[in-house]
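Trainee: The sequence shown begins at 714 in the numbering used here and counts up one residue at a time.
Where a beta carbon is used, it is the ideal one built from N, C-alpha and C, also for glycine.
Keep in mind the model is a prediction, meaning the values are calculated, not measured.
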Amino acid sequence: MAYGVQTVIACIIFLVPMLWMVSSSFKGSVDVTAYPPKLFFTPTLDNFRTLFSTVPFFKYLANSIIVAGGSTALGLVLAVPAAFAVSWHRVTWPASVTLFTRMAPGTLFVLPWFIMFTDIHLIGTHAVLVLAHAVITVPLMLWILMPYFDGVPRSIFESAFIDGCQPLNCLVRIGVPLVLPGIVVAVILAFIAAWNYFLFALILGNIDTTTLIVLSFNFVGEGSTNWGALMAAAVLIGAPPVILMFVVQRGLVSGLTGGSVKD
């Protein structure tokens with residue numbers, strides 16, 4: 714009974730802000746700022762019309778997909794062999810070094826990067842944003858994948874080495890299929906982390922590479938804020954990760970639990 718009450722409380726804490734955001738996106742300009750807040754109102758699509766008429770939404774959507782997808786793919790290319798090497802040699806300091814970049818505030822990197830990429834005229838390109846967001850995706854994917862490689866019996870790889878299999882072929886043909894559930898988990902969580910990261914996209918991007926997460930900043934003014942359009946933007950920005958989580962929920966849960974058990 715106690716666990717049921719705790720579950721209900723946890724659901725309320727997490728779901729109420731989301732429900733409030735969704736409802737506010739369908740409120741008129743008067744209702745969205747009404748005090749006390751209105752629970753009953755006439756729904757309207759004006760906020761979404763304002764959003765699509767004010768900014769090139771689909772262009773920003775494409776930019777977000779390129780940045781999040783590109784940084785996730787780059788993280789996968791770097792993190793999979795790194796996790797295999799760290800697990801095989803049982804040396805954790807390289808992983809700890811990458812973890813520092815994940816724990817450090819983004820402002821520690823963004824100013825040197827801005828100066829460096831400005832000097833080589835790359836500020837505002839998709840390549841820079843993909844490289845910058847790899848600082849988020851690589852450590853995350855590395856630490857997710859290490860327990861999966863630790864859980865694979867070393868005898869499997871040793872047998873492949875004895876048969877003449879090269880390390881890279883051993884990783885691709887044996888290691889990757891065995892840790893595939895972990896790779897799925899790492900890809901999903903890395904994509905969501907890159908999709909939602911604000912600072913790098915704001916500082917290192919420009920009008921041509923603006924992402925959806927930066928789009929919401931356009932509706933926050935110095936004197937006033939268009940809360941309705943801001944909530945509509947937040948709903949559309951948050952929809953892809955939420956849909957992705959629901960689609961792969963079963964595989965995600967099994968993958969998360971699978972990496973916690975060693976053979």
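Residues in its own chain within less than 6 Å of N1001 by CB, not counting five upstream and five downstream?
Mentor: Since the first residue shown for the chain is 714 and the last is 976, residue 1001 is missing from the structure and cannot be characterised.
Trainee: By the DSSP assignment, the alpha helix (DSSP H) with I849 in it spans what residues?
Mentor: Along the sequence shown, read from residue 1 onward, the residue named residue 849 stands at position 136. 839-864 is the span of the alpha helix (DSSP H), which, as asked, contains I849.
Trainee: Between the Cα of W826 and those of V841, R815, M816, spot the shortest distance and give me the residue it belongs to.
Mentor: One-based indexing of the sequence shown puts residue 826 at position 113. Nearest of V841, R815, M816 to W826, Cα basis: V841.
Trainee: Please report the distance separating the alpha-carbon of A796 from that of P860.
Mentor: Your numbering for residue 796 matches position 83 in the sequence shown. Your numbering for residue 860 matches position 147 in the sequence shown. Rounded to whole angstroms, A796 to P860 spans 9 Å at the Cα level.
Trainee: Under 8 Å, do T922 and H839 count as touching if we go by C-beta distance?
Mentor: As a working mapping, residue 922 is identified with position 209 in the sequence shown. As a working mapping, residue 839 is identified with position 126 in the sequence shown. Yes, these two residues count as a Cβ contact at 8 Å.
Trainee: For a quick check, are the C-beta atoms of F870 and I887 less than 8 Å apart?
Mentor: Mapped onto the sequence shown, residue 870 falls at position 157. Mapped onto the sequence shown, residue 887 falls at position 174. Yes, Cβ-Cβ distance for F870 and I887 is below 8 Å.
Trainee: So, using beta-carbon positions, are V848 and T820 closer together than 8 Å?
Mentor: Along the sequence shown, one-based indexing puts residue 848 at 135. Along the sequence shown, one-based indexing puts residue 820 at 107. For V848 and T820, no; Cβs fall outside 8 Å.
Trainee: What residue does the alpha helix (DSSP H) around D876 start on, and which one ends it?
Mentor: Within the sequence shown, numbered from 1, the residue matching residue 876 stands at position 163. Premise fails: D876 is in no alpha helix (DSSP H) and is neither H nor E.
Trainee: Give, in chain order, every unbroken run of the alpha helix (DSSP H) that is at least 4 residues long and sits entirely within the segment 789-822.
Mentor: Taking only runs of at least 4 residues, the alpha helix (DSSP H) segments lying wholly in the segment 789-822 are 806-816.
Trainee: Please list, in chain order, all residues of the same chain as W733 whose beta carbon is under 6 Å from its beta carbon, the five residues on each side excluded.
Mentor: Your numbering for residue 733 matches position 20 in the sequence shown. Hits under 6 Å: none found.
Trainee: What's the call for N919, buried or exposed, on a 16-neighbour Cβ count within 10 Å?
Mentor: If you number the sequence shown from 1, residue 919 lands on position 206. Exposed: under 16 other Cβ atoms inside 10 Å.
Trainee: Which residues in the same chain as L915 place their Cβ atom closer than 8 Å to its Cβ, once the five residues preceding and following it in sequence are excluded?
Mentor: To locate residue 915, count along the sequence shown from 1; it is residue 202. If we look at L915 and ignore the five residues flanking it on each side, its Cβ neighbours are V927, F930.
Trainee: For the structure I just gave you, are there three or more beta carbon pairs, one from the segment 765-773 and one from the segment 878-885, closer than 8 Å?
Mentor: Touching, no, given that fewer than three Cβ pairs across the two stretches are closer than 8 Å.
Trainee: Less than 8 Å between the beta carbons of L853 and L902, yes or no?
Mentor: Position 140 of the sequence shown, counted from the start, is the residue given in the question as residue 853. Position 189 of the sequence shown, counted from the start, is the residue given in the question as residue 902. Yes, these two residues count as a Cβ contact at 8 Å.
Trainee: For S737 versus G864, is the C-beta distance shorter than 8 Å?
Mentor: In the sequence shown, the residue the question calls residue 737 occupies position 24. In the sequence shown, the residue the question calls residue 864 occupies position 151. No, these two residues do not count as a Cβ contact at 8 Å.
Trainee: Would you kindly work out how many angstroms separate the C-alpha atoms of I722 and M731, rounded to a whole number?
Mentor: On the sequence shown, residue 722 is found 9 positions in, with the first residue counted as 1. On the sequence shown, residue 731 is found 18 positions in, with the first residue counted as 1. Each residue's Cα considered, the two are about 15 Å apart.
Trainee: Give the secondary structure of T938 by DSSP, where H, G and I count as helix, E and B as strand, and everything else as coil.
Mentor: As a working note, residue 938 is residue 225 in the sequence shown. It is a strand residue.
Trainee: If you check the beta carbons only, do A907 and S800 fall under 8 Å apart?
Mentor: As a first step, residue 907 must be located in the sequence shown, where it is residue number 194. As a first step, residue 800 must be located in the sequence shown, where it is residue number 87. Contact: no.
Trainee: Grouping DSSP H, G and I as helix and E and B as strand, with all else coil, what is V721?
Mentor: Residue 721 sits at position 8 when you count from the first residue of the sequence shown. Three-state DSSP puts V721 in a helix.
Trainee: Would you please state the rounded distance, in angstroms, between the beta carbons of F913 and V851? I believe it to be under 8 Å.
Mentor: As a position in the sequence shown, residue 913 is number 200, starting the count at 1. As a position in the sequence shown, residue 851 is number 138, starting the count at 1. Not really, about 14 Å apart at Cβ, beyond 8 Å.
Trainee: Please classify V735: does DSSP put it in a helix, a strand, or coil?
Mentor: Sequence index remark: in the sequence shown, residue 735 carries index 22 (1-based). Helix, per DSSP.
Trainee: How many angstroms separate the CA atom of G788 from the CA atom of F830?
Mentor: Locating residue 788 in the sequence shown gives position 75, where the first residue counts as 1. Locating residue 830 in the sequence shown gives position 117, where the first residue counts as 1. Rounded to the nearest angstrom, the two C-alpha atoms are 20 Å apart.
Trainee: Please state whether the Cβ-Cβ distance between T811 and L855 is less than 8 Å.
Mentor: Stepping through the sequence shown from its first residue, residue 811 is reached at position 98. Stepping through the sequence shown from its first residue, residue 855 is reached at position 142. Yes.
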